[in-house]
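> Residue numbers (our numbering), protein chains in the order written: chain A, 299 to 747; chain B, 2 to 275; chain C, 11 to 306.
So that we are looking at the same thing, I have put the structure below in structure tokens.
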Amino acid sequence: MKKQVLSMCLGLTMIISATAGCGKASDALQTEVQSQSETPAGAESADSVEISFYTTDTGKDQMFQDIISDFESKNPGIKVEYIPGGDDQLQQWMALYASNEGPTVSLMDPINIWENQERMLELTNESFISNIEEGALSTMTFNDKIYAVPQTAAGVGLLYNKAVCDAAVGGNFDPTTIKTRSDLEDLFKKIQATGVDATCFTGVNWSLGSHFLCQVYGAAIGSTKERVDYVNGIISGSKKEIDNDVFNGYMDTFDMMIKYNHNAADPLVGDVNIDAAALGAGECGTWFMGDWAWAFLAPVASEGQEFGILPIPHSDDANDKLNQSIATLYAKGYCIDKSQNTEEQQAAGLKFVDYITSDSYAQEQMATVCGQALPFKNSSVKLESPLGLSTANYITKGLTYDFYGTPNLYPSDIWYECGAFMCEYLAGQTDRATLASKIDEYWTKQEAR
Amino acid sequence: MKKLKKAIVFFLTLFVLILFMGPFLILIINTFKPTAAFIKTPFALPTKFMLDNYSLAIKRMNFWVAMINTVIITVNTVLINMVIGSMTGYLFARKKWKINSIIFGMFLAFMVAPFQVYMIPMVQIYAGTFGLSNNLFLVIYIAVGLNLPFAVFLYKGFTEGIPTQLDEAARIDGCSFGLTYLRIVLPLLKPIIVTVTVFVALGVWNDYLMSSLFLTKSQDKTLAIAIKTFLTNHSAEYSPMMAGLLLGILPIIAFYLFGQKYIIEGVVAGSVKG
Amino acid sequence: MMRRDFRKRFGDILCFAGFGLPALVIWISVVLIPFIFGIWITLTDWNGLAMQIHFVGFENFHDVFSDPTMGTSFIKTVIYAFFTVIASNIMGILLALAVTSGIKGQNLFRIGFFTPNIIGGIILGYIWRFIFLYAFTAVGKGLEIEWMKTSWLTHPTRALIALIIVSSWQLSGYLMVIYIAGLTSVPKDLIDAAYADGASALQIVSTVKLPLIRNSIAICIFLSISRAFMSFDMNLSLTAGGPYKSTELIAYKIYQTAFTSMEFGKGQAQAIVFFVIVAIISLLQVYFTRKGVDEQ
Numbered sequence: 299m300k301k302q303v304l305s306m307c308l309g310l311t312m313i314i315s316a317t318a319g320c321g322k323a324s325d326a327l328q329t330e331v332q333s334q335s336e337t338p339a340g341a342e343s344a345d346s347v348e349i350s351f352y353t354t355d356t357g358k359d360q361m362f363q364d365i366i367s368d369f370e371s372k373n374p375g376i377k378v379e380y381i382p383g384g385d386d387q388l389q390q391w392m393a394l395y396a397s398n399e400g401p402t403v404s405l406m407d408p409i410n411i412w413e414n415q416e417r418m419l420e421l422t423n424e425s426f427i428s429n430i431e432e433g434a435l436s437t438m439t440f441n442d443k444i445y446a447v448p449q450t451a452a453g454v455g456l457l458y459n460k461a462v463c464d465a466a467v468g469g470n471f472d473p474t475t476i477k478t479r480s481d482l483e484d485l486f487k488k489i490q491a492t493g494v495d496a497t498c499f500t501g502v503n504w505s506l507g508s509h510f511l512c513q514v515y516g517a518a519i520g521s522t523k524e525r526v527d528y529v530n531g532i533i534s535g536s537k538k539e540i541d542n543d544v545f546n547g548y549m550d551t552f553d554m555m556i557k558y559n560h561n562a563a564d565p566l567v568g569d570v571n572i573d574a575a576a577l578g579a580g581e582c583g584t585w586f587m588g589d590w591a592w593a594f595l596a597p598v599a600s601e602g603q604e605f606g607i608l609p610i611p612h613s614d615d616a617n618d619k620l621n622q623s624i625a626t627l628y629a630k631g632y633c634i635d636k637s638q639n640t641e642e643q644q645a646a647g648l649k650f651v652d653y654i655t656s657d658s659y660a661q662e663q664m665a666t667v668c669g670q671a672l673p674f675k676n677s678s679v680k681l682e683s684p685l686g687l688s689t690a691n692y693i694t695k696g697l698t699y700d701f702y703g704t705p706n707l708y709p710s711d712i713w714y715e716c717g718a719f720m721c722e723y724l725a726g727q728t729d730r731a732t733l734a735s736k737i738d739e740y741w742t743k744q745e746a747r
Numbered sequence: 002m003k004k005l006k007k008a009i010v011f012f013l014t015l016f017v018l019i020l021f022m023g024p025f026l027i028l029i030i031n032t033f034k035p036t037a038a039f040i041k042t043p044f045a046l047p048t049k050f051m052l053d054n055y056s057l058a059i060k061r062m063n064f065w066v067a068m069i070n071t072v073i074i075t076v077n078t079v080l081i082n083m084v085i086g087s088m089t090g091y092l093f094a095r096k097k098w099k100i101n102s103i104i105f106g107m108f109l110a111f112m113v114a115p116f117q118v119y120m121i122p123m124v125q126i127y128a129g130t131f132g133l134s135n136n137l138f139l140v141i142y143i144a145v146g147l148n149l150p151f152a153v154f155l156y157k158g159f160t161e162g163i164p165t166q167l168d169e170a171a172r173i174d175g176c177s178f179g180l181t182y183l184r185i186v187l188p189l190l191k192p193i194i195v196t197v198t199v200f201v202a203l204g205v206w207n208d209y210l211m212s213s214l215f216l217t218k219s220q221d222k223t224l225a226i227a228i229k230t231f232l233t234n235h236s237a238e239y240s241p242m243m244a245g246l247l248l249g250i251l252p253i254i255a256f257y258l259f260g261q262k263y264i265i266e267g268v269v270a271g272s273v274k275g
Numbered sequence: 011m012m013r014r015d016f017r018k019r020f021g022d023i024l025c026f027a028g029f030g031l032p033a034l035v036i037w038i039s040v041v042l043i044p045f046i047f048g049i050w051i052t053l054t055d056w057n058g059l060a061m062q063i064h065f066v067g068f069e070n071f072h073d074v075f076s077d078p079t080m081g082t083s084f085i086k087t088v089i090y091a092f093f094t095v096i097a098s099n100i101m102g103i104l105l106a107l108a109v110t111s112g113i114k115g116q117n118l119f120r121i122g123f124f125t126p127n128i129i130g131g132i133i134l135g136y137i138w139r140f141i142f143l144y145a146f147t148a149v150g151k152g153l154e155i156e157w158m159k160t161s162w163l164t165h166p167t168r169a170l171i172a173l174i175i176v177s178s179w180q181l182s183g184y185l186m187v188i189y190i191a192g193l194t195s196v197p198k199d200l201i202d203a204a205y206a207d208g209a210s211a212l213q214i215v216s217t218v219k220l221p222l223i224r225n226s227i228a229i230c231i232f233l234s235i236s237r238a239f240m241s242f243d244m245n246l247s248l249t250a251g252g253p254y255k256s257t258e259l260i261a262y263k264i265y266q267t268a269f270t271s272m273e274f275g276k277g278q279a280q281a282i283v284f285f286v287i288v289a290i291i292s293l294l295q296v297y298f299t300r301k302g303v304d305e306q
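Structural data, given as structure tokens:
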């Protein structure tokens, strides 16, 4: 009997080793062995270094791969491994760090870089910093030290279909005529009179919770310091959202817009593609979104259609410059890891960041595919996206403010937690006072900024 | 009378089937339409027969490489899991030792442990400490481990349904514990082996979370990871994505069709003996 | 005598080493050891990335128990699991009975009912979203049914019902396969004998088939409980916890805490608490159904 059990065991180990051999036969294992020896021995040959690039800007694999191969051809000796993240971006980043394979260069949200700053290489004295627009750097600066470089500038506001607005005002619609909340409501009334829904909210947490709500902590409060102080006031409980004019101002605008919402019958349906199609087809005149929406709009827009961005006014003061300004987000930045990468890899990473922010090919690719303005001084690329052009227009006129102010102003889950409160409010399930107290409560669980 | 009843059952089942297959049929028709058409009119039939989505899926997903990786992982996982799982299930069904019931209880309890609890520590141990990331063999090993309790659970349950008299008869004929397993029990397990294999194969074939933690390099991607290339910010390129999904599951459907035959054969063999 | 005892014991050890040990070793290394590391993380303030880890004692557990949203999420999960388990098992048995009754095209039917399980990922959830958004509302508007005029997914209760429907739709085909395996092992002569005694088809199902597949029922209930409590993919792709977090089931909530709020330790603590509760529920279920089977 013993013999038979033994032979069973033998058979089992044979099966296991056979299948193991099968795994080994694949080239995957060989590359694994290579990569294993690569990390510690990265210094062995100075002329060849392998780095990795992790991006959380999804759906642009082709663009990044093109940029990488152009970079590799211009920088022989550096090989860049492309690692795309999905909507599970933080989890993938954690997994990469847990594997001891922290990416050399990561394109991440500012708050994530801030949370992970002890691993990041300081970029303050790098030459490429001088090529970045000053206004775009505050989001990437922690305690006066620059840790990342922005990717693009995204504009947030009310997208409009010019043909619909033209028909409403009876002539050529001039977006600069909208200076106050009442101006906007007038426009809405005129649009409605033509039988078209005036505006549209996409009832999703990230749009309402991150983009609409966070305007409340924007430039209307004041300087970056005043904004941080205000948020700290709420966190400590010394200030209440409901007592704040800025909060109430934006919520008044929100309430006004809700009355004209294209999705009023079912406000939380929330689909960017459907809403983009509605704007493109002229079923609604305006849409609260940002210039990234060109990706959804372009496939449904026909030749010759014009679109642009309107600011969200927070008051009836025609002299308030902010009512004519849009928020710009530097939503993602390139950062370089120093905790799990060799000095050679870090140096190569710096070269890559330098290249991607200053090379004309990289800029052209970025501008064409993302359709957004680039915060780089030497950039001369022409945008094709009318929405991106609109943002660029506001930037040149100086009519923008930095949405984030500081990288850690908004916690990483504000879009999810407060987005739920905003959705509830949009659906008419709660009143403003309750909303304000829920947001207050959310903040009290956060650490002081 | 009996015929009429059968016809009623048939048409009822057919009706339920149509309801069941609805979403799947919607998926199929939309692989022939551009994404914009899917969003506008998801239920409309395609106006013309276009295969662009399929060629796009094959190109962008690096389809064949991903397919080979997925096959390597799935086949090996299923085989190892089958051997180890059925042996352990047999042991647990036949030997009511205390240690066996303790282990079995632990297996069961941890089947409901959320994977998120141990996935990051798992990555730290295997990829971080042992440097085994981007290693197909490691993914197979972990997939075997994650699916073992499920397999043991099913094998044990079905082995218990096999009368012990059969074992005893074999024992009298001079068969050891191991030989009894090989000669008597294993052949009778055929239907459940096919069932477990289908389940485990499906789980491994479609697994995204675990394999994405360990396979980051593009040449080691599986189909479930490769499909992610069609995700965009806040949306996705749905039509090529659906085409890619459909192409990716064809082998599984083929396997299931093939397995069906064996389920029936196993049953016939079982009923002759039973 | 001693010698025989020793030999038997040695044989038992060999038997265990050959048949049980490989599974045990693999399972301990893949599940148990990482899990114990995971428990250690619950006692720290680790955010998933930081290089330094600080010990904070039971603070995370205190947070979990003082967080009211954890309780609501748990109740929602229990409601969801309860209805999903019942619906999918009843449906699974019915489907299995239908496709083993000898009707034409049995095999094709079996594949058809199983297809919802073949496709993984977010895409099925997305297709269902369109069905709830367009198809259901079209019917509602056409027939003037008030509660079908707007998408179910934007109403808290209906969204949970939608989640139950879609999960049961997926799960019942899965359970059907196990029930088929159980039903086909019911000896044919027993059924024939019952027919000869003049039993109706319904009587055969309830007095012959169902009692004989008790084992399969126990297995399927356990599997559906564990699947329902762990439900994550469908939750993410169909409702994403919405509208306004009203369908945030526990597994999804844990994920959000750990990977969106970057409170990894707290997410781990939630998961451990949840795990303990569900493990007790499912072990009790297995114990009692097992007892029931043995007493038969």
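No residue lacks a Cβ here, since even glycine has one placed at the ideal position from N, Cα and C.
When burial is assigned at 16 or more other CB atoms within 10 Å of the CB, is TRP157 (chain C) buried or exposed?
Result: exposed.
> What number of angstroms, rounded off, separates the C-alpha of ASP604 (chain A) from the C-alpha of ASP464 (chain A)?
The residue you asked about is not Asp; residue 604 (chain A) is Glu in the sequence shown. Whole-angstrom Cα-Cα distance: 11 Å.
> Counting only Cβ pairs nearer than 9 Å, list the residues of chain B close to ILE572 (chain A).
Near ILE572 (chain A) (Cβ distances below 9 Å), the residues of chain B are ILE40, LYS41.
> Take MET361 (chain A) and list the residues in its own chain whose beta-carbon comes closer than 6 Å to its own, dropping the five residues that flank it on each side.
Around MET361 (chain A): GLN663, VAL667.
> Could you give the distance in angstroms between the alpha-carbon of ILE376 (chain A) and the alpha-carbon of LEU405 (chain A)?
When rounded, the distance between both Cα atoms is 19 Å.
> Measuring only the C-alpha atoms, how far is LEU258 (chain B) from THR75 (chain B)?
Between LEU258 (chain B) and THR75 (chain B), the C-alpha separation is close to 17 Å.
> Work out the CA separation of PHE351 (chain A) and SER335 (chain A) for me, nearest whole Å.
Reliability of the predicted coordinates at SER335 (chain A) is poor, the pLDDT of 39 falling under 50, and the value obtained from them is presented with this limitation in mind. Straight-line Cα distance between these residues: approximately 19 Å.
> How big is the Cα-Cα spacing for GLY102 (chain C) and VAL215 (chain C)?
For GLY102 (chain C) and VAL215 (chain C), the distance between alpha carbons rounds to 14 Å.
> Looking only at C-alpha atoms, which of A:TRP713, A:GLY606, A:ASN429, A:SER367 sits nearest to GLU379 (chain A)?
The shortest Cα separation from GLU379 (chain A) among A:TRP713, A:GLY606, A:ASN429, A:SER367 belongs to A:SER367.
> Which residues in the same chain as HIS2 (chain C) place their Cβ atom closer than 6 Å to its Cβ, once the five residues preceding and following it in sequence are excluded?
Since the first residue of chain C shown is 11 and the last is 306, residue 2 (chain C) is not available in this structure.
> Give the straight-line distance between the Cα atoms of ALA434 (chain A) and PRO448 (chain A), rounded to the nearest whole angstrom.
For ALA434 (chain A) and PRO448 (chain A), the distance between alpha carbons rounds to 7 Å.
> Within the region 613 to 668 of chain A, note down every full alpha helix (DSSP H) run reaching 4 residues or more, in order along the chain.
List check, alpha helix (DSSP H) in window: 641 to 656, 658 to 668.
> Use the C-beta contact count for ARG17 (chain C): other C-beta atoms within 10 angstroms, 16 or more gives buried, fewer gives exposed.
ARG17 (chain C) should be labelled exposed.
> Measuring only the C-alpha atoms, how far is LEU248 (chain B) from TYR55 (chain B)?
LEU248 (chain B) and TYR55 (chain B): Cα-Cα distance of roughly 8 Å.
> Going along the chain, which residues of the region 264 to 275 of chain C sit with their C-beta nearer than 9 Å to a C-beta in chain A?
Flagged, chain order: TYR265, GLN266, THR267, ALA268, PHE269, THR270, SER271, MET272, GLU273, PHE274.
> Check distances from the C-beta atoms of the region 100 to 126 of chain B to those of chain C and list, in chain order, the residues that come in under 9 Å.
Cβ contacts with chain C come from ILE100, ASN101, ILE104, GLY106, MET107, PHE108, LEU109, ALA110, PHE111, MET112, VAL113, ALA114, PRO115, PHE116, GLN117, VAL118, TYR119, MET120, ILE121, PRO122, MET123, VAL124, GLN125, ILE126.
> Please confirm whether GLU413 (chain A) and LEU59 (chain C) have their CB atoms less than 8 Å apart.
Yes, the Cβ-Cβ distance between GLU413 (chain A) and LEU59 (chain C) is below 8 Å.
> For CYS721 (chain A), which three-state DSSP category applies?
Of the three classes helix, strand and coil, the one that applies to CYS721 (chain A) here is helix, per DSSP.
> I need the straight-line Cα distance from VAL72 (chain B) to THR78 (chain B), nearest angstrom please.
Going by the C-alpha atoms only, they are around 10 Å apart.
> Since PRO253 (chain C) sits in a beta bridge, which residues does DSSP pair it with?
BP columns for PRO253 (chain C) are empty, so no partner.
> May I ask you to list, following chain order, the residues of the region 549 to 566 of chain A that have a beta carbon less than 7 Å from some beta carbon of chain C?
Cβ contacts with chain C: ALA563, ASP564, LEU566.
> GLY321 (chain A) by DSSP, collapsed to three states: which one?
Interpretation of GLY321 (chain A) is limited by its pLDDT of 37, a score under 50 that renders its predicted location unreliable; no figure is taken from the coordinates.
> Jot down the residue ranges of each uninterrupted alpha helix (DSSP H) in the region 114 to 202 of chain C, minimum 4 residues, whole runs only, in chain order.
Runs of the alpha helix (DSSP H) inside the region 114 to 202 of chain C: 116 to 128, 133 to 140, 146 to 153, 166 to 193.
> If contact is defined by three or more beta carbon pairs under 8 Å, each pair taking one atom from either stretch, is the region 175 to 185 of chain C in contact with the region 217 to 224 of chain C?
Cβ pair count under 8 Å is below three, so no.
> Please report the distance separating the alpha-carbon of ILE96 (chain C) from that of GLN295 (chain C).
Whole-angstrom Cα-Cα distance: 14 Å.
> For VAL153 (chain B) and GLY86 (chain B), which I take to be in contact (beta-carbon distance under 8 Å), what is that distance rounded to the nearest angstrom?
That pair is a contact at about 5 Å.
> On the premise that THR437 (chain A) lies in contact with TYR628 (chain A), defined as a C-beta separation below 8 Å, what is that separation, rounded to the nearest angstrom?
The pair is a contact, with the Cβ atoms about 5 Å apart (cut-off 8 Å).
> Reducing DSSP to helix, strand and coil, say where VAL347 (chain A) ends up.
In the structure shown, VAL347 (chain A) sits in a strand (DSSP, three-state: E or B).
> Please name the residues in the region 130 to 144 of chain B whose beta-carbon is closer than 8 Å to at least one beta-carbon of chain C, in chain order.
Listed in sequence order: TYR142, ILE143.
> Hey, does GLU342 (chain A) have any beta-carbon neighbour from chain B nearer than 8 Å?
Note that GLU342 (chain A) scores a pLDDT of 43, beneath 50, so its modelled location is shaky; the value from the coordinates is reported in the next line. Chain B, which has no Cβ nearer than 8 Å to the Cβ of GLU342 (chain A), makes this no.
> Name, please, each residue of chain A whose Cβ falls closer than 7 Å to the Cβ of LYS255 (chain C).
The answer, in chain order, is ALA718.
> How about ASN101 (chain B) and PHE93 (chain B): are their beta carbons less than 8 Å apart?
Yes, these two residues count as a Cβ contact at 8 Å.
> Name the chain B residues that come within less than 9 Å of PHE285 (chain C), Cβ to Cβ?
Correct list: ALA110, PHE111, VAL113, ALA114, PRO115, VAL118.
> Name the chain F residues that come within less than 7 Å of LEU457 (chain A), Cβ to Cβ?
This model lacks chain F altogether, as its protein chains are A, B and C.
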